[in-house]
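A short write-up of the structure that comes next.
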Amino acid sequence: MRNLLIQHDLVPLVINSNERARYISFLAEQDTPGLTRFIQATLEEERGRLQRFQNADEQQAGSDDSVFRKS
Numbered sequence: 703m704r705n706l707l708i709q710h711d712l713v714p715l716v717i718n719s720n721e722r723a724r725y726i727s728f729l730a731e732q733d734t735p736g737l738t739r740f741i742q743a744t745l746e747e748e749r750g751r752l753q754r755f756q757n758a759d760e761q762q763a764g765s766d767d768s769v770f771r772k773s
């Protein structure tokens, strides 16, 4: 599934250890609607996390560039 998500420019699904039992329960019970909601929420959280990393990198790059600019 991870490769499929990456191939389609989507963030990878990261199941946190504290959510693993819930994820496995959805699979074991074949609860497709529950699993779908769980995955959607998890991917949204991961998108937000990725965006925060990208914003921090951009801010860092901007502050690094300002060191080399002449006043």
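Residue numbers (my numbering): 703 to 773. All C-beta atoms in this analysis are idealised placements derived from N, C-alpha and C, irrespective of residue type, glycine included. A quick note: this is a predicted structure, and the numbers were derived from the prediction, not measured.
{"Asked": "What is the residue span of the alpha helix (DSSP H) that serine 727 lies within?", "Found": "722-730"}
{"Asked": "By the three-class DSSP mapping on this structure, what secondary structure does asparagine 757 have?", "Found": "helix"}
{"Asked": "The alpha helix (DSSP H) spanning isoleucine 717 covers which residue range?", "Found": "Unbroken run through isoleucine 717: none, as it is neither H nor E."}
{"Asked": "Taking 8 angstroms as the cut-off, decide whether the C-beta atoms of leucine 715 and threonine 744 are in contact.", "Found": "yes"}
{"Asked": "So, does the stretch 722-729 touch the stretch 752-763, judging by three or more C-beta pairs under 8 angstroms?", "Found": "no"}
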